[in-house]
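2 protein chains.
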Amino acid sequence: MLLVSLLLCRVAVSAQTLAERLGYPPGTKLIIVHADDLGEIHAVNAAAMKALQGGTINSASLMVPCPWFPEMADYAKSHPDADFGLHLTLTSERVYYRWSPVASSHKVPSLLDENGYFHHDWEHNTHVNPKEVEVELRAQIERALAMGVRPTHLDSHQYRLIMNGKELFEVMLRVAHAYKLPVFVTRDWFADYSYLQASLRSDDIVLDHTVTIEPEVPPEKWAEFYLAALKNLKPGVTEFVIHPGYDDEELRAATRERSTWGSAWRQRDFDFFTSDQFREVLAQQHIQLITWRELVRAAAASK
Amino acid sequence: MLLVSLLLCRVAVSAQTLAERLGYPPGTKLIIVHADDLGEIHAVNAAAMKALQGGTINSASLMVPCPWFPEMADYAKSHPDADFGLHLTLTSERVYYRWSPVASSHKVPSLLDENGYFHHDWEHNTHVNPKEVEVELRAQIERALAMGVRPTHLDSHQYRLIMNGKELFEVMLRVAHAYKLPVFVTRDWFADYSYLQASLRSDDIVLDHTVTIEPEVPPEKWAEFYLAALKNLKPGVTEFVIHPGYDDEELRAATRERSTWGSAWRQRDFDFFTSDQFREVLAQQHIQLITWRELVRAAAASK
Numbered sequence: 001m002l003l004v005s006l007l008l009c010r011v012a013v014s015a016q017t018l019a020e021r022l023g024y025p026p027g028t029k030l031i032i033v034h035a036d037d038l039g040e041i042h043a044v045n046a047a048a049m050k051a052l053q054g055g056t057i058n059s060a061s062l063m064v065p066c067p068w069f070p071e072m073a074d075y076a077k078s079h080p081d082a083d084f085g086l087h088l089t090l091t092s093e094r095v096y097y098r099w100s101p102v103a104s105s106h107k108v109p110s111l112l113d114e115n116g117y118f119h120h121d122w123e124h125n126t127h128v129n130p131k132e133v134e135v136e137l138r139a140q141i142e143r144a145l146a147m148g149v150r151p152t153h154l155d156s157h158q159y160r161l162i163m164n165g166k167e168l169f170e171v172m173l174r175v176a177h178a179y180k181l182p183v184f185v186t187r188d189w190f191a192d193y194s195y196l197q198a199s200l201r202s203d204d205i206v207l208d209h210t211v212t213i214e215p216e217v218p219p220e221k222w223a224e225f226y227l228a229a230l231k232n233l234k235p236g237v238t239e240f241v242i243h244p245g246y247d248d249e250e251l252r253a254a255t256r257e258r259s260t261w262g263s264a265w266r267q268r269d270f271d272f273f274t275s276d277q278f279r280e281v282l283a284q285q286h287i288q289l290i291t292w293r294e295l296v297r298a299a300a301a302s303k
Numbered sequence: 001m002l003l004v005s006l007l008l009c010r011v012a013v014s015a016q017t018l019a020e021r022l023g024y025p026p027g028t029k030l031i032i033v034h035a036d037d038l039g040e041i042h043a044v045n046a047a048a049m050k051a052l053q054g055g056t057i058n059s060a061s062l063m064v065p066c067p068w069f070p071e072m073a074d075y076a077k078s079h080p081d082a083d084f085g086l087h088l089t090l091t092s093e094r095v096y097y098r099w100s101p102v103a104s105s106h107k108v109p110s111l112l113d114e115n116g117y118f119h120h121d122w123e124h125n126t127h128v129n130p131k132e133v134e135v136e137l138r139a140q141i142e143r144a145l146a147m148g149v150r151p152t153h154l155d156s157h158q159y160r161l162i163m164n165g166k167e168l169f170e171v172m173l174r175v176a177h178a179y180k181l182p183v184f185v186t187r188d189w190f191a192d193y194s195y196l197q198a199s200l201r202s203d204d205i206v207l208d209h210t211v212t213i214e215p216e217v218p219p220e221k222w223a224e225f226y227l228a229a230l231k232n233l234k235p236g237v238t239e240f241v242i243h244p245g246y247d248d249e250e251l252r253a254a255t256r257e258r259s260t261w262g263s264a265w266r267q268r269d270f271d272f273f274t275s276d277q278f279r280e281v282l283a284q285q286h287i288q289l290i291t292w293r294e295l296v297r298a299a300a301a302s303k
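Chains as they are written, first to last, in the numbering used here: chain A, 1 to 303; chain B, 1 to 303.
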């Protein structure tokens, strides 16, 4: 069972699990502590850069269409070992602060609202054209490459490309294969989204689990939620999807229309994942950090 | 001479000056205190909204392509009497924080750098196509109108459309005439840019003078510079072009590659133009505030 739960590949391409190939014994608990939304807002970039320096947040993904992306591209160039993916973005979900596609807008009309921004949300009557999604994803990756970012993985802002049907997931997967990049997918999602498993190739990396905090957790229970998740962690590779940021004037203004994934929320994530308490529980529970770069190397070595 | 200096129209369309039509006696000193760059950065929006509320900054212009424009569009809708023009923008002059055209990029290739942002600067080898400029200016105005802004005037970010030749100025003027909006032009510029005077129509509003602070002024002389300008003010209508902002983490990060028109600069402008000292010198010197909206009404009434 332990061997099975450590499997990172849907279909094992060798008798060893990925964790074993990395040199870990069966039963090892590995986590990626992954900061989302870099590039969106300076207060998010600044918090992430600080936390990455501390080392307990060890991976992140960048929103290429957002105005502060150049700051992260510059950082990525001067920190070539940083574990940065691209946070593929198809929505502009805030109200007072907005962004638009990277692709020429005439090529992606179904992704635009009436003012030329990405849709604020995808409603029942929003018909997103998968061909246009592919054009936009490729444009985001090409801009990142042109600006010196060498991404380690791809994931999807607001899980739009994961949870909106087989067709959009297959677009993401096709683009990922074209650029030889892994996509953040976890077996936790297979029950609810069966097309994920059906679409993946045998050589695609699949994480075992993911943990992310939800609006149901009250602010005073923040640390308690994460501590419980860490104490109950299952063997294998788990990605903690977190949203650190500094609760300052910029972030408060940019997110003020709702508190979910808002400014105070992001400060709480920053505080927990840069705390001594977090370091201590990692040591107590024998939990080890791992990056996307290490997973990819292990997968390549096993071929 | 006083009458002549008060003329706001290049060719008088009636014997009265615009100041007289507004009800002011000859010799009256009128100023527009105009904040530039709203929409670019939240710290600029926040400072401008605070200063507009105080009343000593009484006009401003908005950068439609910038990510914080929706915040100002929202403010404009709830403050329909605010004197807001559009700060027509064709450059993205910062390094870590960038923006792109409103028009579909395939329509305006000459305005784009290699990554799809507006050019950081216009170099000797940057060939900006005037037809594409017109497409982009119209797209900026159309987005502003669609988002509920009713602009009172047009001006040009970094004076690109004023100081880069007759052809670009005539594009701006043609668009302004199409939308029945005045353009910020002052007789101070006629000596250096003779095509301005040659291109203007007899019914175009032309301000008498402009004052703006330059990098040569050291920080400790900021108030001294403005006080001298106010004490030596000539009769007629003068626009003070200022750049208020809050010197906070966001503004420092966005402008950190150079100090000119940077974060501390903008805080100094905010501080002076919201100070009691500024109010007092206005009263002492019998200087009166006027808006673009009032100028347009007076011009319309005189026809």
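Every residue, glycine too, gets a C-beta built ideally from N, C-alpha and C.
Straight-line gap, residue i to residue j (C-alpha atoms, nearest Å)
| i | j | result |
| --- | --- | --- |
| threonine 212/A | serine 105/B | 37 Å |
| phenylalanine 84/B | phenylalanine 184/A | 45 Å |
| phenylalanine 190/B | lysine 166/B | 12 Å |
| glutamine 272/A | alanine 146/B | First, the residue type needs correcting, since residue 272/A is phenylalanine and not glutamine in the sequence shown. If you take the alpha carbons of phenylalanine 272/A and alanine 146/B, they lie about 43 Å apart. |
| arginine 279/B | proline 67/A | 37 Å |
| alanine 298/B | valine 206/B | 13 Å |
| proline 235/A | isoleucine 290/A | 13 Å |
| glycine 116/A | alanine 46/A | 28 Å |
| glutamate 134/A | valine 171/A | 6 Å |
| serine 263/B | alanine 43/B | 9 Å |
| leucine 88/A | serine 156/A | 5 Å |
| serine 59/A | alanine 35/A | 6 Å |
| threonine 238/A | proline 219/A | 23 Å |
| leucine 270/B | threonine 255/A | First, the residue type needs correcting, since residue 270/B is phenylalanine and not leucine in the sequence shown. One C-alpha to the other measures close to 25 Å. |
| glutamate 71/B | histidine 120/A | 15 Å |
| glutamate 142/A | valine 128/A | 21 Å |
| alanine 268/A | phenylalanine 225/A | First, the residue type needs correcting, since residue 268/A is arginine and not alanine in the sequence shown. Spanning the two alpha carbons is a distance of roughly 12 Å. |
| leucine 38/A | proline 130/B | 36 Å |
| glutamine 285/B | glutamate 40/B | 34 Å |
| tryptophan 292/B | alanine 228/B | 24 Å |
Start and end residues, beta strand (DSSP E) containing residue i
| i | result |
| --- | --- |
| glycine 85/B | 84 to 88 |
| histidine 34/B | 29 to 38 |
| alanine 60/A | 59 to 62 |
| leucine 154/B | 154 to 156 |
For residue i, three-class secondary structure by DSSP
| i | result |
| --- | --- |
| glutamine 285/B | coil |
| leucine 351/A | No answer is possible for residue 351/A: it lies beyond the span of chain A, which begins at 1 and ends at 303. |
| leucine 200/B | coil |
| phenylalanine 190/A | coil |
| serine 78/B | helix |
| aspartate 248/A | coil |
| valine 217/A | coil |
| phenylalanine 273/A | helix |
| arginine 293/A | helix |
| tyrosine 307/A | Outside the displayed span of chain A (1 to 303) sits residue 307/A, for which this structure offers no information. |
| valine 133/B | helix |
is_contact[residue i, chain A] using C-beta, thresh 7 Å
| i | result |
| --- | --- |
| alanine 51/B | no |
| tyrosine 75/B | no |
| leucine 2/B | Because the pLDDT of leucine 2/B is 38, which lies under 50, any placement of that residue in the model is unreliable, and the question is left without a value. |
| aspartate 208/B | no |
| glutamate 40/B | no |
| glutamate 71/B | yes |
Contact with chain B by residue i, beta-carbon distance below 7 Å
| i | result |
| --- | --- |
| asparagine 115/A | yes |
| serine 14/A | Note on serine 14/A: pLDDT 42, under 50, position unreliable in the model; the coordinate value appears next. No, because no Cβ of chain B sits closer than 7 Å to the Cβ of serine 14/A. |
| proline 130/A | no |
| leucine 8/A | Note that leucine 8/A scores 45 on pLDDT, short of 50, meaning its location in the model is unreliable; the coordinates nonetheless yield the value given after this. No, leucine 8/A does not count as interfacial toward chain B. |
| tryptophan 261/A | no |
| aspartate 121/A | no |
| alanine 223/A | no |
| methionine 163/A | no |
| tyrosine 193/A | no |
| histidine 79/A | no |
| valine 296/A | no |
Per DSSP, cross-strand counterpart(s) of residue i
| i | result |
| --- | --- |
| histidine 209/A | Thr238/A |
| isoleucine 118/B | Checking the displayed sequence, the identity of residue 118/B turns out to be phenylalanine instead of isoleucine. Answer is Leu112/B, bridged to phenylalanine 118/B. |
| phenylalanine 183/A | The question names phenylalanine, but residue 183/A in the sequence shown is valine. The partner list for valine 183/A (beta bridge, DSSP) reads Leu154/A. |
Range covered by the alpha helix (DSSP H) that runs through residue i
| i | result |
| --- | --- |
| arginine 258/B | Counting along the chain, arginine 258/B falls outside any alpha helix (DSSP H), and DSSP gives it neither H nor E. |
| leucine 168/A | 166 to 178 |
| valine 44/B | 42 to 54 |
| tryptophan 222/A | 222 to 231 |
Near the ligand SAH: residue i beta-carbon under 6 Å from a heavy atom
| i | result |
| --- | --- |
| leucine 90/B | Looking for the ligand SAH in the displayed structure turns up nothing, as the structure carries no ligands at all. |
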